[in-house]
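Undergrad:
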Amino acid sequence: MTTCFVRNSIGRVFFGALFAASLAPAARAQWIATSLHPREARWSQARGGSGLQQAGIASVGPLDRAALWTGTPGSFIDLHPEGSIRSAAWGVGDGQQVGTVRIGNADRAALWTGSAASWVDLNPAGASSSIARAASAGRQAGRVSLGSSLRAALWSGAPESWVNLHPPGTVASEVFGMDRDHQVGYVFGGGVRASLWTGTAASWIDLQPAGISESFALGVADGQQVGYTSVLGVSRAALWSGSAASYVDLHPGWAAQSQARSVTAGTQVGWIDVGEGPLAALWAGSAQSALFLHEFLPAHFLTSTAESIWAEGDRTFVAGYGRNGLTAREEALLWVIPAPASALPLALLAAIPRRRHAPSPSGAFLNTPCCTG
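Residue numbers (the working numbering): 26 to 398.
Here you go:
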């Protein structure tokens with residue numbers, strides 16, 4: 026059975042009926058969240074998405090297993106290769122899933138195309154371990170371990186294809202996200218510095234904002250990069266547009282901590298902690314635009330995080346996971362928004378409550394199962 030949850034606003038007051046009638050259709054649409062949690066799993070997480078696919082982890086039996094879904098818990102595909110002791114899928118792009126497979130005591134960057142049998146070991150010769158975190162346009166990105174040093178890495182489907190993105194003179198580096206032309210992550214050297222590449226070590230751009238000693242870039246799309254800065258141990262969601270000078274602090278003044286994890290078409294997603302744990306959130310380019318996707322989950326979900334946002338046709342998808350208080354486990358989650366990416370900021374600003382547990386202007390919201398299958 027697939028359980029979906031709809032939050033539908035009824036009788037909202039948008040400065041009068043005339044303004045309400047003028048809203049874009051996407052802003053008046055239903056917003057649906059679905060648990061992807063497989064029945065046989067102890068816990069699960071969705072960590073990435075692309076097209077109609079979602080990738081992550083499902084803990085089944087004694088092992089954590091790389092997982093693939095296509096929108097429902099029943100669509101779960103176990104990507105775990107035979108003979109490995111742990112696997113995880115950290116990203117998906119254009120029909121490829123990437124992550125790690127543990128062989129012996131070492132994690133090895135992994136590539137799949139929809140089945141456990143399709144697994145490709147991306148670990149380069151001479152590397153003690155590796156991780157693939159993102160995929161796009163037939164390429165994969167992450168990091169390799171050479172001795173005691175971490176090196177940002179880019180592959181094109183085979184271990185021998187790997188490209189070392191590590192900038193000279195720095196200590197460590199890693200890629201966390203990518204699109205067709207760009208890779209983002211961090212470089213360690215003079216602090217941990219959010220970083221942007223375009224396929225070579227020489228292309229490295231330092232995104233570290235002035236006055237900040239630690240930052241990470243986690244996602245990239247459509248000319249924007251997202252991640253977070255760390256100030257006195259507090260994470261603050263961050264947005265860039267290709268340079269350190271373009272930095273925008275997305276952290277709301279009323280929040281304890283926040284991180285932006287993914288971006289598409291000017292909309293950013295991640296989480297905001299208001300003192301009770303992380304809650305899935307999104308932004309439209311500013312701290313003032315911060316909104317909660319968590320509001321579309323049943324009340325028994327105590328925490329949540331949005332890990333990936335992408336568009337497919339006239340719908341926008343968000344993948345993540347949340348803590349189910351009734352079952353005391355994490356569950357993979359998928360939010361589906363019936364709006365194209367270009368219309369998403371307007372739809373979000375019109376349709377999502379700004380604070381956790383905030384009532385609608387009319388005090389009427391529905392949060393009920395919507396579908397089975």
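Ideal placement from N, C-alpha and C gives every residue a C-beta, glycine not left out.
In whole angstroms, give me the CA-to-CA distance for Leu351 and Ala285.
TA: About 27 Å.
Undergrad: One question on the structure: do Ile230 and Ser268 come within less than 8 Å of each other, judged by their Cβ atoms?
TA: Their beta carbons are under 8 Å apart, which means Ile230 touches Ser268 by this criterion.
Undergrad: Report the rounded CA-to-CA distance for Gly278 versus Gln313, giving the unit in angstroms.
TA: Rounded to the nearest angstrom, the two C-alpha atoms are 9 Å apart.
Undergrad: Apart from the five residues on each side of it in sequence, which residues of its chain come closer than 7 Å, Cβ to Cβ, to Gly108?
TA: Here the set comprises nothing.
Undergrad: Let me make sure I understand the geometry here. Which of Ser228, Val123, Gly96, Leu275 has the alpha-carbon closest to that of Ser311?
TA: Among Ser228, Val123, Gly96, Leu275, the Cα nearest to that of Ser311 is on Leu275.
Undergrad: What's the gap between the Cα of Thr59 and the Cα of Leu243?
TA: Cα to Cα, the separation comes out at about 24 Å.
Undergrad: Taking Cβ positions, are Ser155 and Gly167 nearer each other than 8 Å?
TA: Their beta carbons are under 8 Å apart, which means Ser155 touches Gly167 by this criterion.
Undergrad: Taking just the CA atoms, how far does Ser198 sit from Ala246?
TA: If I take the Cα positions, the gap works out to 20 Å.
Undergrad: Per DSSP, what kind of secondary structure is Arg184 in: helix, strand or coil?
TA: The question names Arg, yet the displayed sequence has Pro at residue 184. Correct three-state label for Pro184: helix.
Undergrad: Cβ of Leu93 within 8 Å of Cβ of Ala114?
TA: Yes, these two residues count as a Cβ contact at 8 Å.
Undergrad: Gly99 and Arg72 - do their beta-carbons sit closer together than 8 Å?
TA: Not in contact: Arg72 and Gly99 (Cβ atoms no closer than 8 Å).
Undergrad: Under the three-state reduction of DSSP, which class applies to Leu318: helix, strand or coil?
TA: In this structure, Leu318 counts as helix in the three-state DSSP scheme.
Undergrad: Determine the burial state of Ala49: buried for a count of at least 16 other Cβ atoms within 10 Å of its Cβ, exposed for fewer.
TA: Low per-residue confidence applies at Ala49: pLDDT is 41, beneath 50, and the placement is therefore not dependable enough to give any value.
Undergrad: How big is the Cα-Cα spacing for Gly96 and Leu77?
TA: Going from the Cα of Gly96 to the Cα of Leu77 covers about 7 Å.
Undergrad: Quick check on the burial criterion: 16 or more other C-beta atoms within 10 angstroms. Buried or exposed for His325?
TA: It counts as exposed.
Undergrad: Please say whether Arg348 and Thr328 have beta carbons closer to each other than 8 Å?
TA: Yes, these two residues count as a Cβ contact at 8 Å.
Undergrad: Assuming contact is defined by CB atoms lying nearer than 8 Å, are Arg133 and Val126 in contact in what I supplied?
TA: A contact, by the Cβ cut-off of 8 Å.
Undergrad: Among residues of its own chain, excluding the 5 on either side of Trp187, which ones have a beta-carbon nearer than 8 Å to its beta-carbon?
TA: Correct list, in chain order: Leu147, Pro149, Val169, Ala178, Leu179, Trp180.
Undergrad: Among all the DSSP beta bridges, which residues are the ones paired with Ile237?
TA: Beta-bridge pairing links Ile237 to no other residue.
Undergrad: Report the rounded CA-to-CA distance for Ala66 versus Val299, giving the unit in angstroms.
TA: The straight-line gap from Cα to Cα measures roughly 30 Å.
Undergrad: Measuring straight from C-alpha to C-alpha, what distance separates Ser174 and Val212?
TA: Approximately 12 Å, taken between the alpha carbons.
Undergrad: When the Cα of Ile110 is compared with those of Ile128, Pro323, His207, Leu104, which residue comes out closest?
TA: With distances taken between Cα atoms, Ile110 lies closest to Ile128.
Undergrad: Judging by CA-CA distance, which residue of Ser238, Leu136, Gln249 is the nearest neighbour of Asp204?
TA: When each option's Cα is compared against that of Asp204, the closest is Gln249.
Undergrad: Can the beta-carbon of Leu318 be found closer than 8 Å to that of Ala306?
TA: A contact, by the Cβ cut-off of 8 Å.
Undergrad: Counting C-beta neighbours from all protein chains within 10 Å, is the total for Leu257 16 or more, i.e. buried, or is it exposed?
TA: So Leu257 counts as exposed.
Undergrad: List, from N- to C-terminal side, the beta strand (DSSP E) runs of 3 residues or more that fit wholly inside the segment 315 to 366.
TA: Whole beta strand (DSSP E) segments, 3+ residues: 326 to 337, 340 to 349, 354 to 362.
Undergrad: Ala226 by DSSP, collapsed to three states: which one?
TA: Correct three-state label for Ala226: helix.
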